[in-house]
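First comes the structure, then the notes that go with it.
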Amino acid sequence: MVVIDRRSMLTGAAGLILAGTVGAVAQETPVKGGVLNMIAQPEPPILMVGLNTQGPTLYVGGQIYQSLLTYGTDLKPLPSLAKSWVVAEDGLTYTFTLQDNVKWHDGKPFSADDVVFTADKFLRESHPRWRLIATTYVESITSPAPNQVVFKLKKPFSAFLHAFELSSFPIIPKHLYDNGTDYRTNPANQTPIGTGPFKLKEWKRGSYIHLVRNEDYWKPGQPYLDELYFRIIPDSASRAVAFEKGTVDVLRGGDVEGFEVRRLVKLKDVENTTSGWENYAPLVFMEMNQRTMPFSDKNVRKAIMHAIDREFIVKNIFFGLGKVATGPFASTTLYYSSDVPAYPFDMAKAKKLLADAKVNPADYSIRLMPLPYGAAWDRMAEYIKQQIAQLGFKIAITGVDAGGWSQKMSDFDFDLSFNFTYQYGDPALGVARHYLSNNIIKGTPYGNNEHYINPKVDELFNLAAGAVSQDVAAKAYAEAQKIIVDDVALGWLYEMQNVTIYRNKVKNLVKTGIGLNQYMDEVWIAK
Amino acid sequence: MTAQATPLLRIDNLSIPLPAGLDRAFAVDNISFDLNAGEILCIVGESGSGKSLTANAIMGLLPDYLTPTNGEILFRGKNLLAMREPELETERGRTMAMVFQEPLSALNPLMKVGDQIAEVLQVHGEKSADARNRRVLDLLEFVGLPDPANLRGAYPFRLSGGQRQRVMIAMALALEPALLIADEPTTALDVTTQAQILELIRKIQQAKGMGVMFVTHDFGVVADIADRVVVMERGLIVEQGPADAVLNRPQHPYTRRLIAAVPHRDAADAKAEVDGEMLLEVKGLRKVYSSGGGLFSKPRIVKAVNDISFTLRRGETLGVVGESGSGKSTLGRCLLKLTEIDGGEILFRGSDLVPLSASAFRPLRRHIQMVFQDPFASLNPRQTVGRILTDGPVANGVPYAEAEAKARELLDLVGLEVSAFDRYPQEFSGGQRQRVGIARALALEPELLVADESVSALDVSVQAQVLDLLQDLQNKLNIAIIFITHDLRIAAQICDRIAVMYRGEIVEYGPPEQVFDAPRHAYTQALIAAIPGSHWNPRLAVL
Amino acid sequence: MKTLDFLFQRLLKAILVVLGVVILNFMLIHMAPGDPASVLAGEAGAGDAKYIAQLRAQFGLDQPLYWQLWTYLQGVLTGDLGFSYRNQVPVMTLILERLPATLLLTGCAFVFSLVLGIALGVIAAYKRGSIADSLVMTSALVFYATPLFWIALMAVLVFSLHLDWLPPFDMESIGTGYTGWARAADIAHHLVLPTVTLGLFFTAVYTRLTRASMLEVMALDFVKTARAKGVPKAQVIRRHVLRNAILPVFTFASMQAGQLVGGAVLTETVFAWPGIGRLMFDALLQRDYPVLLGVFLVTAAVVVIVNLIADLMYRFVDPRIEAAN
Amino acid sequence: MTFFKRYAQNYGALIGLAILVIVAVVALTAPLLFPVSPWQSVGDPLLSPSENPAFPFGTDMLGRDIAAGLAYGARVSLLIGIVSTAVAVVIGVSIGALAGFYGGRIDDILMRFTEFFQTIPAFAMAIVLVAIFNPNIVSITLAIAVVSWPPVARLVRGEFLSLRSREFVQAAVVIGQSGPRIMFTQILPNAISPIIVTASLMVATAILTESSLSFLGLGDRNMMSWGFMIGAARTMLREAWWMSFFPGVAILLTVLAINLIGEGLNDAMNPHLRGRKG
């Protein structure tokens, strides 16, 4: 449980201008030059981060585009394009001061106008998460000075300072997009222009994306690296081979299968870290559609939880890369509470729960729709299917591709499925969306698709989100967790642990809570 | 026919065993004969007699599963059977050459004919391309092909059947071999072409002094060119001797039987005029085939049947005679409405069949039946004879039991065992199958029978039996027959009237004696002149 | 003239076939339950009904199906294969980027399998009944029965991981800056495994076909004629049998050209080959309809062109064809 | 009797038949041999074949018995292979027969239609069909059928075209049999042997296609199939070779067996070709 004194954070931030970043004091002197080889998996459809927030897009696009803030491994905001920020005591006014001498890759100067355009127009129109925040909380966005941006809120939003990470708030060049064209078909999407340390040199679709050093980068002397290659290798076994043979230097979490991780981390001159995912803290759960029987019955949901050996899943399917989740909050995040009901693996208890609830499992045919993200997910589906079948339910796996999954989830056309959520540093951003009853909306797989309705929970989440005091929020969240877990709103399975594997010659690789999505201006390669 | 001390070729006690499980142990059994330089030796026999096999054995071209076990083939005193393949290769094409039955399939379809001839010269050591080219032109000229310079560059499919066979002969002659083996070289050709090729072979043989071994089944051909004759039956030589002796004074019963079966017009038995009621009147019948054509080229149009008219009475037999491509088979198909008709009338018992739709004509089909050419292809191999015979009546509404009884009767009528009913066509010989085919046609009690080359695939002795059967049935049942054939001799033998077709038209029409003895049209005259063995009367030989 | 006619007819037929393929696929793909708009919206993290409706309107998915087809066909006529929803690039651009890689791979596999298959088939037929024949035919049968992806995996295991002879993926070494011959050699080096993997199945097919065809031709009369001329056996095979026997193999091979693309989907996935096979598979999983349709259209066009070329060559090689038409 | 004798002369065909019979018996008796579902974890994960005699083929990453997977996989492979082929043959024979028998415009239309299907790469088309209609045993079977009928149609058309002009068919016309009757009773029985031979080879191809689909993750998720097993094991190729090796061998042997049988049938049904074979 990470304990953070929210008040001190707020007040501290109010007067303090942070210089430098965490871990800037390197053990050795950085060496300039060199090529870093990585893998973009799957190949991003586009590098324009404002239009696509998939992992690979952020990974590559994060070197090109930058956001106002980034976040440390402790989830504290750190300067990025904003060199400092001030939050008013009432929690309604946020003032950001921007870095100086920042230029876009095409040589045009970067200014507060770009930020205002990004926040008020571009992202409001094209970014589903920002759109929600902007409509619900933001009163106005203005730039009183060319290096200052002011956000005025309608009501306090405790998570607001966590909304400026790359995936939520990449800054878009106004001069290329504010010309009345359709953002999605704007030709500039093909030649991304950002402020980041690397520029796009060449994208050979299906092969690689090649980025080169931005000579006019606003941090003098940086970046250290000359070139970045993101290679496209669709087969996971081949990706492991590529790392082994030294073709690539870095493996991002998920690039290779769990058991390969076990092997690769043991290689000579190879290091690994699970750090760099704190801001996302992905948590995997099973969605049980509560609209109809049997899952509308809380006892059935409880029985299911008892029937699944989550330790087995973590150990044998994900090869130990994770830990069993106790509830909706990842244990590494703010406001996590361990004071919730537990659901140990216990087949007998599961059967008893069903019997007590007078549920005859044989009456139900359940469709289990796996998440089409790879072999391990399939194995998990097969395992859970088998476990539920042992309870006596008729259960069949419905194979779907990514499109089908998204579609069926969005249409609530499922009985059981899997999903995982990024927590984005604050429950209001990443967690609450799955439990708020007003977020039961068709059209997205990442809302309250399971149809969980508990007015008390709604109230607690809203209370916490609007709280200026961190204590109030923490208390409300703790209570909410207890209720949600007792209701088995979702079947939490485990917290993903993503391992970044890299050659030890690569220095300063993972430094922040957004890990490899962080622009690599300080990364260098030892000779 | 000058006998020499050492014959050019001597077959001495040659035996070639057949693989186990066939109807006899030896393909050829202990045969011996000689061929002298400068003579034409005819090997004559029916299918399966082993005559072609003997020819192939001499050339060393037997298939893998056949190996001579006994005897010698002495060619100029050297035993060919003892030679190894490379040695044989130097002899083949140089000192001995062969001409095959089917000139189209015997030529490489993808090679220009000039090149195919030149290859003989090349493999036997002629290195100069110029010399080869000159020789090819000479040869083409010599075998009587027009425009050799042009023809040399043509592909085989461009040539007519006769031209192809001339190319084959040119190829065989290229190095002036001492021995020429001709394996049924005229069987696949029209009768007029056959006459020309026979003439050519005789001319060459005389000019070059070669020994020619000529394999044939046709006694007419034998009568035309043979110096000496060897008669084979089921792998054995039953008779051999000078042509005159064998043809006119055959000793062996088999030879006598064969000769007796050779179709021949007997001037004596002129047909009586048939005066049954009018059954069929064909007026101005036309059928045109067009092929190819498009935006940039004109279609090729062939008038297969061009304005043909004739009549037929009950009990009458009309012979339609013509060479391949004359339109005679198309005419037959038109009469049965097996093909679209482009014009004219077919009045059957007074009503026109031409405008009838397929379904409207179907009930009438039983009145007009057909006997087909190929006894192997015309019976469904997956059906029993009984099924084949009852299908027709059943399709025309006759109860099965009745049809079955009728079928058994018919089997008897066409001279087959009644037990044939439950057997499959494969179990019968060609002649027996053709009887089944006839029975099938008769099962519907037709009034008109169209027989399209119905005996041409049969051996001569079987041919005669089937012809007898047809005539016999006609007498019994008083049906009208249209007999389509390429063989004028057969038509003359059995028909009341003959129509000679040439390029889609009837050029000659009349009773056999008029067509034969006083042909009016130039084509008919050429046709009659080309009949092999016309100077020889087989009837006299077996009197 | 006849050749002109033939060309005209075949072109007309080719266009018809491609058109038919486009319409067939268009209907088929639009029967799919997955809606690309909701997929995109879902991936974007959220998406309310309004957002999806907006996307649908943008992609033209709100129009009636026949109208979508009509618009699409109009585009095709002007060389516009539509716009990829996901990649934000015109489909034509995407395909043209990927096509060379696939053409290289399938072309090499085609030539490899044809040359090797014919060579082995000829040897087997020539040495019929020998140990060489049995060996060739048994291996052909085994490769004919082995799943392609399995061979691919095994090949990577053996030749890349254990022996380290050949690169297991990619089309070229990235970042080397090779140009000219060095680059060609590098690509060739990368080409070996995918080509062989993709080609082995077809090699097996052509080996069997060639042998059968050779034996069939060897039984024909003109072969006997050639032997009667005293032509040595080797020359008979070379000059007479081979040419006649290869024609049906070529015809079959040209008809199979399209199947290579099917195999390319598997091969390109395993070997990270940046071709349209993978593009197609990715597009399918992402419900990127325009790309999918475009790939099918281009594939069909390539197949039709290959068949057309084969037909023309056939006409050239076999003089009988023109006459038969 | 002679048919079986001819068939038995081909040793390869006999071996093929023996293998197929074994596979079929295992498939039929799978629930008896392995009463526990092949999806059920029954042992420790990733046991190699030599580790535990109870699992002669080892276990997978979830401790499922590979042997049970192989047995149940045989059911799916054979079922999909046979049913999809049957469907393809029905489609192919119908279209080919109509085109070949009636010729002319009907032939033109049907053959153009067939060409559409032939122009699209079969496997690519199968992928699309399966993905679009969601992978399950029905969609996979139908998809394989839909992409594999064109060769049958062409074959049958060719047979019908040539048989149609044969004299015994003409004779059937002459004796007044109707078109459909001629197609079914005269022509079809004579075209049946090449159809059977082709069909037997198609079963083999269908099994390969099914395994390739499963390999790409487009198999029926509730049916244990060999292709699925390889697909699932593919990522663990080096760690647990047995997981992909045995299903691979199973496919290889089965497909090989069916091909051998196909060749045997071909030889036995077309005895005139035998003399020319080695």
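Residue numbers (numbering that gives the first Met the number 0), protein chains in the order written: chain X, 0 to 526; chain V, 0 to 542; chain U, 0 to 324; chain W, 0 to 277. We put the CB at the ideal spot given by N, CA and C, even for glycine.
Within chain W, not a single residue places a beta-carbon under 8 Å from that of U/Q8; the smallest gap is close to 12 Å. Proximity to U/M279 across X/K526, X/V247, X/G205 peaks at X/G205, based on C-alpha coordinates. In this model, W/S213 and W/D219 are separated by some 8 Å (Cα to Cα).
The beta carbons of V/M212 and V/G44 sit no closer together than 7 Å. Inside the segment 227 to 300 of chain V, DSSP marks whole beta strand (DSSP E) runs of 3 or more residues at positions 227 to 232, 235 to 241, 277 to 290, from first to last along the chain. With respect to the 7 Å criterion, U/L3 and U/A36 are not classified as neighbours on the basis of their beta carbons.
In the displayed model, X/V264 falls within coil according to three-state DSSP, outside both helix and strand. In summary, the residues of the segment 142 to 175 of chain W whose CB is separated from some CB of chain V by less than 9 Å are R165, E166, F167, V168, Q169, A170, A171, V172, V173, I174, G175, in the order they occur in the chain. With contacts defined as CB atoms closer than 7 Å, V/G59 and V/L87 qualify as a contacting pair. A contact is defined here as three or more CB-CB pairs under 8 Å, and the segment 481 to 496 of chain V meets this definition with respect to the segment 522 to 540 of chain V. If you ignore the 5 residues before and after U/M217, its C-beta comes within less than 6 Å of the C-beta of V240, all in its own chain and listed in chain order.
Just so you know, the alpha carbons of X/A239 and U/A154 end up roughly 16 Å apart. Judged by their CB atoms, V/A376 and W/R156 are not nearer to each other than the 7 Å cut-off.
The C-beta of W/Q39 comes closer than 7 Å to at least one C-beta of chain X.
Taking 4 residues as the minimum length, the alpha helix (DSSP H) runs contained wholly in the segment 273 to 324 of chain U are 275 to 284, 288 to 316, 319 to 323, in order along the chain. Contacts with chain U (Cβ-Cβ distance below 8 Å) from the segment 180 to 212 of chain X involve D181, R183, T184, N188, Q189, K203, R204, G205, S206, Y207, H209, listed in chain order. At least 7 Å separates the CB of W/R74 from every CB of chain X. Contacts with chain W at 7 Å (Cβ-Cβ) do not include U/F142. Under a criterion of Cβ atoms nearer than 8 Å, no residue of chain U is adjacent to X/S436; the nearest Cβ is some 16 Å distant. The segment 135 to 146 of chain V and the segment 89 to 96 of chain V do not touch, with fewer than three beta-carbon pairs separated by less than 8 Å. For V/G342, the uninterrupted beta strand (DSSP E) run begins and ends at 342 to 347, by DSSP.
Ranked by Cα distance from X/I63, the options X/K265, X/I171, X/L35, X/V86 are led by X/I171. Comparing C-alpha distances from X/Q40 to each of X/K120, X/N278, X/Y363, X/Y228 shows the shortest one belongs to X/Y228. Residue-level contact check: X/S237 touches chain U, since one or more beta carbons of chain U fall below 7 Å from its beta carbon.
Residue ranges of uninterrupted beta strand (DSSP E) with 3 or more members, entirely inside the segment 438 to 522 of chain X and ordered along the chain, are 490 to 495, 499 to 502.
W/T84 and W/I260 have their C-alpha atoms spaced approximately 15 Å apart.
Under a criterion of Cβ atoms nearer than 7 Å, no residue of chain U is adjacent to X/V137; the nearest Cβ is some 17 Å distant. The C-alpha of W/L154 is placed about 41 Å away from the C-alpha of V/A169.
Restricted to the segment 194 to 255 of chain U, the alpha helix (DSSP H) segments that are unbroken, complete and at least 4 residues in length are 220 to 227, listed in chain order. Residue burial is scored here from C-beta neighbours: W/N9 has at least 16 other C-beta atoms within 10 angstroms and is therefore classed as buried. Within chain V, R381 have C-beta atoms less than 7 Å from the C-beta of W/P188, given in sequence order.
Taking 7 Å as the CB threshold, V/N395 lines the interface with chain W. Residues are counted here when their Cβ sits less than 9 Å from a Cβ of chain U; for the segment 118 to 129 of chain W these are T118, I119, P120, A121, F122, A123, M124, A125, I126, V127, L128, given in chain order. At a C-beta separation below 9 Å, U/L197 has no neighbours in chain X, since its nearest C-beta there lies roughly 15 Å away. The continuous alpha helix (DSSP H) containing V/C333 extends over residues 327 to 334. Rounded to whole angstroms, the separation of the alpha carbons of W/F56 and W/F245 is 7 Å.
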